[in-house]
Amino acid sequence: MEELNYFTEGWKHIISTDALDHQLFILALAALYTIKDWKQVLILVTAFTIGHSVTLALSAYQIINIDSNLVEFLIPCTIAITAITNFFYKDFNPRSIRLNYFLALFFGTIHGLGFANFIRFTLAEGQNIGWPLLQFNLGLEVGQVVFVTGILFLTYFLIYTFRLNRRWCIWIISAGVFFVALKIVFDRFPF
5 MEELNYFTEG
15 WKHIISTDAL
25 DHQLFILALA
35 ALYTIKDWKQ
45 VLILVTAFTI
55 GHSVTLALSA
65 YQIINIDSNL
75 VEFLIPCTIA
85 ITAITNFFYK
95 DFNPRSIRLN
105 YFLALFFGTI
115 HGLGFANFIR
125 FTLAEGQNIG
135 WPLLQFNLGL
145 EVGQVVFVTG
155 ILFLTYFLIY
165 TFRLNRRWCI
175 WIISAGVFFV
185 ALKIVFDRFP
195 F
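Numbering (the working numbering), first residue to last: 5 to 195.
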C-alpha cells in the first residue's frame, strides 16, 4: 500500500476546489489586511493552523468526539461570524483588529474537527499521529500562505489600481463570503 503524502493532503485542504469552506474562512480573516501587514497575516494563519492542529490531534486520538454533521454545520457558521465581524471594525490597524487572532485560533479548533475523521481513517492501527500531523500542518500552512498572498495581491489591486476605498473593499469581500457561508449553513443544517 502506498504511503499517503500528508503534506500534499494538507496543501489540498486549502488549495483544492473542494476546500471552499476553508478558503472562505481564510478570505474573511485576511480581507482586513494589506500587503504591508504580511507579518500579521502570517501570524493569523499560523494561529488558525495551531487551533486546527490541536483539535485534529485530540479528535484523531478520540479524546474528543463530536458528531461530524454538527461539525460540518458549525464550520460555515464560523465563516459567517468572521465575515460579519469585519463590518464592525472602525479602523484596520493591527491593534484594532486583534479579535481576528482569537477568531483564527478558536474557529480553527472547529475546522480541525472537520478533517479529523480523514486522518483517523488513514492512519494504520497504532500508528503515531505526530509525523503525519506535522506533515499535514506544514502542507496546510504553505497552502494558506500561498492563498493569503493571492488575497493580499487582490486587495492591493482593488485598492490601489481601481482606487476602491479600503473599507468598501473589505465590506464587499465580507458580504460575498457571508452570503456564500449562509447558503452552506442552510445546506448543512443538521436538525
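Glycine included, every Cβ here is placed at the ideal spot set by N, Cα and C.
Taking all protein chains shown into account, decide if Leu-103 is buried (16 or more other Cβ within 10 angstroms of its Cβ) or exposed.
To locate residue 103, count along the sequence shown from 1; it is residue 99. That one is exposed.
Could you tell me the distance, in whole angstroms, from the CA atom of Glu-6 to the CA atom of Thr-89?
What you label residue 6 is simply residue 2 of the sequence shown in a count that begins at 1. What you label residue 89 is simply residue 85 of the sequence shown in a count that begins at 1. For Glu-6, the pLDDT reaches just 42, beneath the cut-off of 50, and the residue's location in the model is therefore unreliable, leaving the point undetermined.
DSSP state of Asp-71, grouped into three classes?
For the purposes of this step, residue 71 is taken as residue 67 along the sequence shown, with counting starting at 1. In this structure, Asp-71 counts as coil in the three-state DSSP scheme.
Please classify Val-150 as buried or exposed, where buried requires at least 16 other C-beta atoms within 10 Å of its C-beta.
Your numbering for residue 150 matches position 146 in the sequence shown. Result: exposed.
Please return the same chain residues whose Cβ sits closer than 7 Å to the Cβ of Asn-73, not counting the five positions on each side in sequence.
Numbered from 1 along the sequence shown, position 69 holds the residue referred to as residue 73. Pro-194, listed in sequence order.
Using 10 angstroms around the beta-carbon of Gln-66, count the other beta-carbons present and answer buried if the total reaches 16, otherwise exposed.
Within the sequence shown, numbered from 1, the residue matching residue 66 stands at position 62. Flag for Gln-66 reads exposed.
In terms of residues, what are the limits of the alpha helix (DSSP H) holding Thr-12?
Sequence index remark: in the sequence shown, residue 12 carries index 8 (1-based). Run containing Thr-12: 10-19, per the alpha helix (DSSP H) assignment.
Length of the line joining the Cα atoms of Ile-85 and Phe-182
For the purposes of this step, residue 85 is taken as residue 81 along the sequence shown, with counting starting at 1. For the purposes of this step, residue 182 is taken as residue 178 along the sequence shown, with counting starting at 1. Rounded to the nearest angstrom, the two C-alpha atoms are 8 Å apart.
Let me know the secondary structure DSSP gives Gln-66 once reduced to three states.
Here residue 66 corresponds to residue number 62 of the sequence shown, with the count starting at 1. In this structure, Gln-66 counts as coil in the three-state DSSP scheme.
Since Val-146 and Gly-118 should fall inside the 8 Å C-beta cutoff, what is the C-beta to C-beta distance between them, to a whole number of angstroms?
If you number the sequence shown from 1, residue 146 lands on position 142. If you number the sequence shown from 1, residue 118 lands on position 114. Val-146 to Gly-118, Cβ: 20 Å. No contact.
Taking 8 Å as the limit between beta carbons, can you name the residues of its chain near His-17, skipping five residues before and five after?
By one-based count along the sequence shown, residue 17 stands at place 13. The answer, listed in chain order, is Ala-23, His-26, Phe-119, Phe-140, Gly-143, Leu-144, Gly-147.
Indicate the three-state DSSP secondary structure (helix, strand or coil) for Tyr-93 in the structure shown.
By 1-based counting over the sequence shown, the position of residue 93 is 89. Tyr-93 falls in the coil class under three-state DSSP.
Burial state of Ser-20, where buried means 16 or more other Cβ atoms lie within 10 Å:
Counting from one through the sequence shown, the residue named residue 20 turns up at place 16. By the beta-carbon neighbour count (other beta carbons within 10 angstroms, threshold 16), Ser-20 is exposed.
Got a sec, what are the start and stop residues for the alpha helix (DSSP H) Pro-136 sits in?
As a working note, residue 136 is residue 132 in the sequence shown. Run containing Pro-136: 134-160, per the alpha helix (DSSP H) assignment.
Return the chain-ordered list of same chain residues with a C-beta closer than 7 Å to the C-beta of Ile-79, the five sequence neighbours on each side being excluded.
Taking the first residue of the sequence shown as 1, we reach residue 79 at position 75. Taken in chain order, the residues that qualify are Asp-25, Ile-114, His-115, Gly-118.
So, helix, strand or coil for Ser-57, using DSSP?
Here residue 57 refers to the residue found at position 53 when the sequence shown is read from its first residue. Three-state result, Ser-57: helix.
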